[in-house]
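In the working numbering, the protein residues as written are 161 to 269.
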């Protein structure tokens with residue numbers, strides 16, 4: 161079984177033994193794009209898959225936006241269930257202490 165790691169938001173420089181996975185077929189080279197549509201617009205963020213040349217370990221770097229409707233986040237949470245691990249980077253004001261946040265606040269899946 162391949163081991164998946166999932167990085168949400170943050171993208172570091174990965175070099176050396178990592179290469180784009182064979183199944184990664186980018187349609188265009190834009191990682192972030194804005195698509196205007198007849199009934200609105202969409203901010204689209206890409207997914208990059210990389211696989212270690214020796215071990216075969218696979219890493220998917222999935223971008224996400226911090227604004228979206230409930231269905232957007234439900235879709236992300238559903239997609240995350242296929243991974244062995246999900247790692248993410250949180251963006252917050254410097255003066256926010258996570259220990260002071262209410263414990264009964266809504267949590268993601």
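All residues carry an ideal CB built from backbone N, CA and C; glycine is no exception.
Check: State the Cα-Cα distance for the pair residue 229 and residue 221, rounded to the nearest angstrom.; Outcome: 22 Å
Check: Taking the Cβ atom as the reference point for each residue, do residue 205 and residue 224 lie within a distance shorter than 8 Å?; Outcome: yes
Check: Go to residue 238, then tell me how far its alpha helix (DSSP H) extends in each direction, as first and last residue.; Outcome: 230-240
Check: Out of 248, 239 and 244, which has the shortest C-alpha to C-alpha gap to residue 226?; Outcome: 248
Check: Mapping the DSSP letters down to three states, classify residue 206 as helix, strand or coil.; Outcome: coil
Check: Please state whether DSSP places residue 261 in a helix, a strand or coil.; Outcome: coil
Check: Just list the residues that DSSP pairs residue 196 with in beta bridges.; Outcome: 201
Check: Let me confirm a value: residue 246 is counted as buried when at least 16 other C-beta atoms fall within 10 Å, else exposed. Which label applies?; Outcome: buried
Check: Look at the alpha carbon of residue 240 and the alpha carbon of residue 218, and state the distance between them as a whole number of angstroms.; Outcome: 14 Å
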